[in-house]
Structure formats: C-alpha cells, structure tokens
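The structure appears right after this line, and notes come after that.
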Amino acid sequence: MQAEKIRDNIYWVGAVDWSMRNFHGYETRRGSTYNAYLILDEKVTLIDTVKHAFTAELIDRIHSVIDPSKIDIIVSNHVEPDHSGALLDLHALAPQAIIYTSDPNGLKGLKGRYGELPYQPVKSGDSISLGKRTLSFIPTPLLHWPDSMVTYCPEEKILFSNDAFGQHYASSKHFDDENDFYIVMEEAKKYYANILMLYGRQAQTALKALASIDIDLIATGHGIIWRSNIKEIFDAYQLWSTNTLEDRAVVVFDSMWHSTEAMAKEIAETFTEAGIPAAFHDLKGDHISDIITEILTSRYIAVGSPTINNQMLPTVAAFLCYLKGLTAKEHKAFAFGSYGWGGQSIAQIEEELKASGCEIILDKQRILNVPSEDNLAALRKAVHEAVKG
Ligand code: FEO
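The sequence shown: position 67 = 826 (the numbering used here), numbered continuously.
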C-alpha cells in the first residue's frame, strides 16, 4: 500500500472501504473512504486515522514514506471511530506523539474510548507550528458530534474538514475533478441529508467561521478532496443548512393490496399536474436514506399506509422514525391510506408528521377498501386545493 502525494510533503494515507453498504442505517451503495493525511515537516504530523479494521492499511501507507515511529503529532478532529479507530495502534508505534483534540469534548470522548494517552486539548484559534507550516483549530460542534473540529493549514491553504463536506463514496481517484461531478454532488447531498440535516444551525455557524479563510483544498474525512469545486460545495452547504426548499413533492408509502398504492399514484400525478414535480417511493424497495435525501430540498411530503394489526406498516413506521430524528422543519405534509376496518394508521402517520415539525396542509385522506373512480377524483381535488389554494 502506497501513500499518495497531494502536495509536496503532504500525503493521503487513508483507506478505501469498497464494501461498506450500511452506515448506521444509511445505505452506502458506493462504499466510503476514511481519509487520513500525513504532513512531513520538522514535526511529522498525522491528521486523523481510519476505522480500526483498516489500521494495517494506514500504517502500511505511512510506512511507504516514513517510519511511523517518527510521528510527532496526531490531530484527532473527531472522536467517532471511523476516524479515531487506529489511535491505540499508532500510540503503540509512536508513544511520544501528542494527540491534539478539542477541549473539552474531544478530550472527554477520546479518554472514554481509549483511556489515558498523551492528549493536548485545543480551543478555537489555538495553533501549533510544525516547522515550515502551522495548523490552527476551528471547532465545528455537531458537524458531526459535539467534539468535532476542523484543522486549517494557512501556508498550504488546506482545510482538513473531517466529516464536513464529505461523501460516502469509494474511489481510487482522490480529487473532485477526477470523478464524476454529479455523482460526487449526489453523494455529498445524501451525506448531508443523512448525517448533518439535523444540525443546520451548527452548519451555518461553521460556514460563517470558514468564510474568512482562504481555501485551496478541502481535505475531507470521507470521499473525495475538493479542489476544483470548492465554491460549489460551499454554496450547496449554504442551501442545505438553511432549509432552502424547492416546490417539489415526495410521495412515500407502502401498500398491501395496491389500494394505498393507487392513492399514492393519484397524489403524485396531482402534484405533477399542479406544476410540482413529485418523486414516488414505494418503501418495499426504496431505501429511507435515499428518500430523506430528496426530502432535504422538497417542500411537500405525502406519507401513506394501510392499517395492519391496528398500526401502520413497519416500513412506514421506520421511515417516519428516521424523518423525525433528522427533522423536517418547514415541510408541508399530509397522511393518506386505504383501510378495511379501523384505519388507525392514517391518524398515526399524521401525528408523526406533526412530531417531525411538518405543517399539515390537508386532513387525513382515507379511502375505504379499493379506491373507486369517485374516491380518486375526490382525493385529486383535495390535494389540488391544498397545494394551490
Ligand atoms: Fe465520519 Fe462522524 O464520523
């Protein structure tokens, strides 16, 4: 395994996880990377590590340019084990290395996970000299955990951003302009929606803090390094973190005997005819992490389920649980479903949508048994009036 040079005396020494398909319920069809960076200066410095299973790969890559026992400094931007998982092994190889981490949450998190090591907690604005280069630390709490921080090297204009601006995307090419831009942006949006959507306010604070620094490279913790599209990813984060919604709809449902599905089709068609493009997601096949990615920028959400054992279908419950966790804030929504007896699921969905912060723009849409033409026409009229007034 070889280190890959990204600048003179700065190397990518991370790992590509081609096989990872699930990150805490987020479906990662394109795998991921755990990016770590080695700076050869008077003080040899490692920025972040990798998931524990990839430790040998990290050490091998470091070894290709320098003996790992010569590392003087390790910067741990984030405690989560996909970035800190190799710390104990590196400490065993380089016991003199000082581990820089945020004060107090990084220190608390690393101590709790790895015990006493030579930590040096840092606060906003603290900086250290590596010799020719300096590193300064900028806290970015909740991007993605309370301990998260980013590290900036002004001489190189490199921002080591850890989770921020990342993507779960495995590639042997490390820069944005060496990969398909649309795929990278799609994965960046999916990453933001599934990992950071809840923390829009904190993302705004971080963007303001980063606005005044000159950045040539964003060396992320996952996926590609931004070099040619820095403005594009900053602009996208600006939109996503301010809940900027488009006039689009997401229709999400599961169905037992196609009646709720027929309602979903009618609803999607009505949105589209009203000039609001609608995405159509059957939860039997579509993954909640893809649906939440569309919801990030869509104003309308319609959620449907029939009733089974006095409940909504478990697929719908799982989706609503995920939505509530990531929160929808300013979306407009309604519930629908066909039913045979009690039809409790539809009221349950409406309550969950309210609990997610959605504004209910249309009362529960319920149809007994198989929808008739008249039923569907009434549904169409109701949806049209709700979205067009
Ligand atoms: Fe990539 Fe929050 O860890």
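We treat Cβ as the ideally placed atom computed from N, Cα and C, and that holds for glycine. Remember, predicted model here, so these are calculated numbers, not experimental data.
- As computed with DSSP, Ile1047 is found in no beta bridge at all.
- Under the 10 Å beta carbon count, Trp1016 is surrounded by fewer than 16 other beta carbons and is classified as exposed.
- Within its own chain, the residues whose Cβ lies closer than 7 Å to the Cβ of Tyr958, once the five positions on either side in sequence are excluded, are Leu901, Leu902, listed in chain order.
- Annotated as proximal: Ile830 and Ala856, with beta-carbon spacing under 8 Å.
- Distance from the C-beta of Gly980 to the nearest heavy atom of the ligand FEO is below 7 Å.
- Counting every other CB atom within 10 Å of its CB across the protein chains shown gives Gly1063 a total of 16 or more, marking it as buried.
- Per DSSP, reduced to three states, the secondary structure at Val1062 is strand.
- A straight line joining the alpha-carbon of Leu849 with that of Tyr873 spans about 12 Å.
- Trp771 has its Cβ no nearer than 7 Å to any heavy atom of the ligand FEO.
- In the three-state reduction of the DSSP assignment, Pro898 falls in the strand class, which pools E and B.
- For Pro880, DSSP records a beta bridge to Thr860.
- Around the beta-carbon of Arg789, 16 or more other beta-carbon atoms lie within 10 Å, marking it buried.
- Around the Cβ of Asp906, a 10 Å sphere holds 16 or more other Cβ atoms; the residue is buried.
- When the five nearest sequence neighbours on each side are left out, the beta carbons in the same chain lying within less than 7 Å of the beta carbon of His811 are those of Pro840, Gly844, Ala845, in order along the chain.
- Ordered along the chain, residues surrounding the ligand FEO are Glu839, Asp841, His903, Asp922 [Cβ under 5 Å from any heavy atom].
- Ranking Lys764, Glu875, Phe919, Pro1065 by CA distance to the CA of Thr808 puts Phe919 first.
- Annotated three-state conformation of Gln997 is helix, per DSSP.
- Residue pairing by DSSP places Ser1097 opposite Ile1126 in a beta bridge.
- Inter-residue distance for Phe1095 and Gly1101 is about 14 Å (C-alpha atoms, whole angstroms).
- Residues Thr899, Pro900, Leu901, Leu902 of the same chain have their beta carbon placed closer than 8 Å to that of Gln961, with the five preceding and five following residues left out of the count.
- At a Cβ-Cβ threshold of 8 Å, Phe1030 and Val1129 do not count as neighbours.
- In this structure, Ile769 places its C-beta atom within 8 Å of the C-beta atom of Ile798.
- Your pair Ile1119 and Phe1093 checks out as a contact, with CB atoms roughly 6 Å apart and the cut at 8 Å.
- Counting only runs of 3+ residues, the beta strand (DSSP E) found wholly inside the stretch 917–981 occupies 917–921, 976–979, in chain order.
- Counting along the chain, Asp841 sits inside the alpha helix (DSSP H) bounded by residues 840–843.
- Beyond the five residues adjoining it in sequence on each side, Phe1039 comes within less than 6 Å, by CB distance, of Val1010, Ala1027 in the same chain, given in chain order.
- In this structure, Ile858 sits near Gln879, with a CB-CB distance shorter than 8 Å.
- Leu1082 is positioned such that its CB atom lies closer than 8 Å to that of Ile1051.
- When Trp999, Phe934, Tyr950 are compared, the shortest CA-CA separation from Asp975 is found for Phe934.
- Where Ile887 is concerned, there is no enclosing alpha helix (DSSP H), although the beta strand (DSSP E) around it starts and stops at 886–888.
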